[in-house]
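Residue numbers (UniProt numbering): 1 to 763. Worksheet for the structure shown next.
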Amino acid sequence: MKISGLLTSAGINIALSVLFISLYSVLRKQPANVRVYFGRRIAEEHNRLREAFILERFVPSTGWIVKALQCTEEEILAAAGLDAVVFNRILVFSLRIFSLAAILCVFGILPLNYFGQDIHHVRIPSESLDIFTIGNVKVRSRWLWVHCVALYIISGVACILLYLEYKHIARLRLRHLTCAMPNPSHFTVLVRGIPKETKESCSNAIDDFFTKYHGSSYLFHQVVYKVGKVQKIMTGAKKAYRKFKHFTDSTIDQRCRAISYRCCLCGASSNSFQLLATGLEQNQGKSDLQDSSLKLDDQECAAAFVYFRTRYAALVASEILQTSNPMKWVTDLAPEPDDVYWSNLWLPYKQLWIRRIATLLGSIVFMLFFLIPVTFIQGLSQLEQLQQRLPFLKGILEKKYMSQLVTGYLPSVILQIFLYAVAPIMILFSTLEGPISHSERKRSACCKVLYFTVWNIFFGNVLSGTVISQLNVLSSPKDIPVQLARAIPVQATFFITYVLTSGWASLSSELMQLFGLIWNFVRKYILRMPEDTEFVPSFPYHTEVPKVLLFGLLGFTCSVLAPLILPFLLVYFFLGYIVYRNQLLNVYRTRYDTGGLYWPIAHNAVIFSLVLTQIICLGVFGLKESPVAAGFTIPLIILTLLFNQYCRNRLLPLFRTTPAQDLIDMDREDERSGRMDEIHHRLHSAYCQFHDTEDIPLEKIQTVGSDEEQGCSSDKSNGKESFEEPRAELSHPTLNGLPVSRLRHAVKSITFLVRLQKRGLSE
Numbered sequence: 001m002k003i004s005g006l007l008t009s010a011g012i013n014i015a016l017s018v019l020f021i022s023l024y025s026v027l028r029k030q031p032a033n034v035r036v037y038f039g040r041r042i043a044e045e046h047n048r049l050r051e052a053f054i055l056e057r058f059v060p061s062t063g064w065i066v067k068a069l070q071c072t073e074e075e076i077l078a079a080a081g082l083d084a085v086v087f088n089r090i091l092v093f094s095l096r097i098f099s100l101a102a103i104l105c106v107f108g109i110l111p112l113n114y115f116g117q118d119i120h121h122v123r124i125p126s127e128s129l130d131i132f133t134i135g136n137v138k139v140r141s142r143w144l145w146v147h148c149v150a151l152y153i154i155s156g157v158a159c160i161l162l163y164l165e166y167k168h169i170a171r172l173r174l175r176h177l178t179c180a181m182p183n184p185s186h187f188t189v190l191v192r193g194i195p196k197e198t199k200e201s202c203s204n205a206i207d208d209f210f211t212k213y214h215g216s217s218y219l220f221h222q223v224v225y226k227v228g229k230v231q232k233i234m235t236g237a238k239k240a241y242r243k244f245k246h247f248t249d250s251t252i253d254q255r256c257r258a259i260s261y262r263c264c265l266c267g268a269s270s271n272s273f274q275l276l277a278t279g280l281e282q283n284q285g286k287s288d289l290q291d292s293s294l295k296l297d298d299q300e301c302a303a304a305f306v307y308f309r310t311r312y313a314a315l316v317a318s319e320i321l322q323t324s325n326p327m328k329w330v331t332d333l334a335p336e337p338d339d340v341y342w343s344n345l346w347l348p349y350k351q352l353w354i355r356r357i358a359t360l361l362g363s364i365v366f367m368l369f370f371l372i373p374v375t376f377i378q379g380l381s382q383l384e385q386l387q388q389r390l391p392f393l394k395g396i397l398e399k400k401y402m403s404q405l406v407t408g409y410l411p412s413v414i415l416q417i418f419l420y421a422v423a424p425i426m427i428l429f430s431t432l433e434g435p436i437s438h439s440e441r442k443r444s445a446c447c448k449v450l451y452f453t454v455w456n457i458f459f460g461n462v463l464s465g466t467v468i469s470q471l472n473v474l475s476s477p478k479d480i481p482v483q484l485a486r487a488i489p490v491q492a493t494f495f496i497t498y499v500l501t502s503g504w505a506s507l508s509s510e511l512m513q514l515f516g517l518i519w520n521f522v523r524k525y526i527l528r529m530p531e532d533t534e535f536v537p538s539f540p541y542h543t544e545v546p547k548v549l550l551f552g553l554l555g556f557t558c559s560v561l562a563p564l565i566l567p568f569l570l571v572y573f574f575l576g577y578i579v580y581r582n583q584l585l586n587v588y589r590t591r592y593d594t595g596g597l598y599w600p601i602a603h604n605a606v607i608f609s610l611v612l613t614q615i616i617c618l619g620v621f622g623l624k625e626s627p628v629a630a631g632f633t634i635p636l637i638i639l640t641l642l643f644n645q646y647c648r649n650r651l652l653p654l655f656r657t658t659p660a661q662d663l664i665d666m667d668r669e670d671e672r673s674g675r676m677d678e679i680h681h682r683l684h685s686a687y688c689q690f691h692d693t694e695d696i697p698l699e700k701i702q703t704v705g706s707d708e709e710q711g712c713s714s715d716k717s718n719g720k721e722s723f724e725e726p727r728a729e730l731s732h733p734t735l736n737g738l739p740v741s742r743l744r745h746a747v748k749s750i751t752f753l754v755r756l757q758k759r760g761l762s763e
């Protein structure tokens, strides 16, 4: 590819970015889009925009950029949690290290690469991008020591910054665990693999076991039931119906109004329930409400939440082996109540290892299958090969602007379209593994997406273009550094266009929230559905963290070999720093938090990028026959690995468990202040798998006056009962984000009729 093709791709992406950012600065001011661009603030702070016509609403502005830059780390921590701070620190680290790399390599190495051969140079727009890579440097050049020195400086500064960030985030994690309000998960252990005896229930087995072996610290337990999402709602409806059918000797006053709802399609109202007179059933006598109690003994699964008196006791119980059979009485610290993935808790523990192997094989097959579109895209970037394989395109591709568009912009766009299918599939694989929390599922998907993108975007494009040749390379590992050294300078042009398309353009699309904007329009003006204040999307860490780390990998590997990519990467990281801070503060809502566990993933990815860069440079120095530069690179690889091992021993354990010293200090402080009894009392309602339907508070049922004939009189005043739809729907950990609101309304309405019937009997 020539510089003109790169400029064409850059011009297209710059135009799209400016357009999207300008549209965003206007659309965010429109009251109709307030829930798209301020979802978190509306849900948590209850702020609203004015509906008045203001000319400023239709003029692009940059005020949101200033607010995003002025936001402090403490404000991000309070608004979006520790994971958001970790993601922000990844961007800060990238900005710092690649700013240094850009200064060193663009002004120091790029001129050496450009004048590396004694050739006649044409005008820069007509030059090939290969001229700016290390491939243009002569064999046995005396200037290769400059590349080696730059590699040492970048690697050393990267390790120093990485260690400082690691310490800072570890400190924030400890503060997050110790300074927060009493967390129920610190007192709770999730027990799986419970052996169920035929003569006694699972609940009795749990109580006997922990009373016998943890009697001094054991508090109580809560069994997990095999109750699905829709199954629980239907169970609630059955319970309400069982109560309702007993009251057969009286009827509801027919003058009461029926309950009305608005249709979500046309906006018209309809009667959801018709009030029918009930006939007298024989042989009923007095009703016993306890008959409607749900028998769940047969639905108990081999899992339970066990509560302990102190945090330290829960930590000890979660870390030790309970029995000589590691597959029974398996204990882990419980996730936070809002983070529990209820539908996976009833999975048998013995089948989890089979699920992990199956998902691993599925991920590998999917990664290999994805090489097919990568091979096709690789062919698009090679114009000569494309003309040979598709001769009928020769006339079209001979046009200057068409060839620049095909080689400079089209390959990365097609690849980006294929990549949209990766994240949902990896989320599915992570769900099938059986994680016990939403955050664990998303973190597992993050690792899978990272491995996938590194393999298919980096290695899939570097190690030639066919699956067979890649397998041949893997069969001879000793040749991998040489193959990478030959291929990366050639593929640097594709990586630059990929940064432009998947980096700049995707950030603008993220800012615009295209899918959310379209769905908001359809829901509000076509389906005529009411506003859903509860649904606010959470930040997609499983897609954004791998994307940032992949760009970091491209930056490290190309910094010395093809430094022309660094200015484009710097623009991406700076734009991402602004965009992501704005989105975390305004758009996304934090429902659960891993406590900074994304940082070890980022640390390992950076270390891998550094070691891979050093291995590739070792191969390049070998091809260029520079024994001095190659010899000095080997100690650098060893030092980087030693630094990584030091971080694993010094800082990584703080991310795997909580220090016992801090937990004991927190327990003693709560005991001295007298808060321990209150904490124990709150534990009874901390992990609520489902709520009993008969205890639903109907706070919105009011008695109002009427000018017409009064009906449905109450004890205190004449009037009629009007049913207002509650804003806050039934709270259930397994119902979030599912289209089951109609069933919830049915349960509420049936319960309301039961209350009316009971009131009629009392009169």
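A virtual CB, placed ideally from N, CA and C, is assigned to each residue, including glycine. Small disclaimer: the values here were computed from a predicted structure and weren't measured.
For residue i, the three-state DSSP class (helix, strand or coil)
i, result
"Val-59", "coil"
"Leu-16", "helix"
"Ala-562", "coil"
"Cys-301", "strand"
"Phe-495", "helix"
"Ser-506", "helix"
"Phe-539", "coil"
"Val-139", "coil"
"Val-587", "coil"
"Phe-132", "helix"
"Ser-437", "strand"
"Phe-308", "strand"
"Leu-730", "Confidence in Leu-730 is poor, its pLDDT being 37 and thus under 50, which makes the residue's placement too unreliable to answer from."
Opening and closing residue of the beta strand (DSSP E) in which residue i lies
i, result
"Tyr-225", "218-225"
"Val-191", "188-192"
Proximity winner among the options, relative to residue i (alpha-carbon distances)
i, options, result
"Val-26", "Gly-631, Phe-429, Thr-62 and Arg-672", "Thr-62"
"Lys-167", "Ile-664, Arg-650, His-684 and Asp-662", "Arg-650"
"Leu-347", "Glu-433, Ala-605 and Ile-425", "Glu-433"
"Leu-82", "Leu-517, Ile-169 and Leu-663", "Ile-169"
"Phe-98", "Arg-355, Phe-573, Phe-515 and Leu-511", "Phe-573"
"Arg-311", "Pro-326, Cys-301 and Ala-334", "Ala-334"
"Asn-461", "Phe-370, Ile-526 and Ile-417", "Phe-370"
"Ala-487", "Gly-595, Lys-226 and Thr-133", "Thr-133"
Burial state of residue i (16 or more Cβ within 10 Å)
i, result
"Lys-624", "buried"
"Glu-165", "buried"
"Lys-212", "exposed"
"Glu-440", "buried"
"Ile-194", "buried"
"Phe-551", "buried"
"Arg-672", "exposed"
"Val-628", "exposed"
"Cys-148", "buried"
"Asn-271", "The predicted model places Asn-271 with a pLDDT of 48, which falls under 50 and marks its position as unreliable, so this point remains unresolved."
"Phe-621", "buried"
Between the CA atoms of residue j and residue i - distance to the nearest angstrom
i, j, result
"Ser-538", "Val-422", "18 angstroms"
"Ala-562", "Leu-419", "25 angstroms"
"Pro-659", "Cys-71", "31 angstroms"
"Thr-501", "Ser-508", "10 angstroms"
"Asp-677", "Cys-301", "30 angstroms"
"Lys-448", "Lys-199", "44 angstroms"
"Tyr-592", "Val-340", "9 angstroms"
"Ala-277", "Ala-304", "Below a pLDDT of 50, predicted positions are generally treated as unreliable, and Ala-277, at 43, falls in that range; the measurement from the model is reported next regardless. The straight-line gap from Cα to Cα measures roughly 45 angstroms."
"Leu-174", "Val-59", "45 angstroms"
"Arg-528", "Gln-30", "19 angstroms"
Where the alpha helix (DSSP H) containing residue i begins and where it ends
i, result
"Thr-331", "Segment 330-333 is the beta strand (DSSP E) holding Thr-331; no alpha helix (DSSP H) there."
"Met-367", "352-369"
"Ala-314", "311-319"
"Lys-167", "144-178"
"Phe-515", "514-521"
"Pro-627", "627-650"
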